[in-house]
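Numbering (my numbering), first residue to last: 665 to 933.
By construction, the Cβ of each residue, glycine as well, lies at the ideal position given by its N, Cα and C atoms.
No experiment lies behind these values; they were computed from the predicted model shown.
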């Protein structure tokens, strides 16, 4: 039988080529989207530009398209290998407002989930600042509202703790909205979760002292008064909402509060 011999160098070359081919098959030789994202970096100038652009778009948030554009701009400035606190909490904030404005529940849920995750990242990056804690809890709160049994009950303590953390750091953050959120939680969990209107009033009155121009606090306080049959005080708050001058930074939200206040006045008085 004729034997065939292979030169040692050729054998080594063949083995090397086999290893290369195997690695390419295992990991993929082409640079797909995920590998591009993995090496993508965002510089400070890009981050600053994205934040400024997003803030301008947010100021015109009466149009949902501006919220969508703001979310896109900030998302493009997010670097998974080098997280930026100011980008993450702002993206979480935009997601909250966009999720509230979105009409399709399934899409809103996805947006709130992205906002929750970004807020959590921000809270981890700067635990002694209020922004991450607040917007994490705000987005998680909306997810709990959408799914009170599957998400709400198991997340309630975490939401409360995050808002209480905000109060401990900066009580007047976002117009004392952590007090408003805690009051709203007490009202919305009266039948499941042990919420109490009395506790809601306590939170909301505290918040109102810090931010008397926050129409949402007044609205929820009026609702709490109605639950407790304190009709005179409820009517006072509802009429104040309608007559008060809105905070120029929250004209859109004030308009929604005025509409709700009119509905409650017509229904209850």
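Put simply, the backbone Cα of residue 824 is about 7 Å away from that of residue 846. Counting the other CB atoms within 10 Å of its CB gives residue 925 a total of 16 or more, which places it among the buried residues.
Looking at 815, 810, 832 and 890, the one whose alpha-carbon comes closest to that of residue 860 is 890. By the C-beta criterion, the stretch 771-781 is judged not to be in contact with the stretch 815-832, since fewer than 3 inter-stretch pairs fall below 8 Å. Beyond the five residues adjoining it in sequence on each side, residue 826 comes within less than 7 Å, by CB distance, of 797, 800 and 801 in the same chain, given in chain order. The three-state secondary structure of residue 908, taken from DSSP, is coil.
Just so you know, the alpha carbons of residue 874 and residue 771 end up roughly 35 Å apart. Taking the CA atoms as reference points, residue 735 sits about 42 Å from residue 896. In the DSSP annotation of this structure, residue 835 is not part of any alpha helix (DSSP H), being labelled neither H nor E. Between the stretch 710-720 and the stretch 746-756, the count of Cβ pairs shorter than 8 Å is three or higher; the stretches touch.
Contact between residue 881 and residue 868 holds: their C-beta atoms lie close to 6 Å from each other, under 8 Å.
Non-local beta-carbon contacts of residue 831 in its own chain, meaning distances under 6 Å to residues more than five positions away in sequence, involve 842 in chain order.
Assignment of beta strand (DSSP E) within the stretch 722-764, counting only whole runs of 3 or more residues, yields no such run. Shown here, residue 875 sits in coil according to DSSP, grouped into three states, outside any helix or strand. No residue range can be given for residue 892, since it is assigned to no alpha helix (DSSP H) and is classified by DSSP as neither H nor E.
Contact between residue 730 and residue 760 is absent: CB atoms are separated by about 15 Å, not below the 8 Å threshold.
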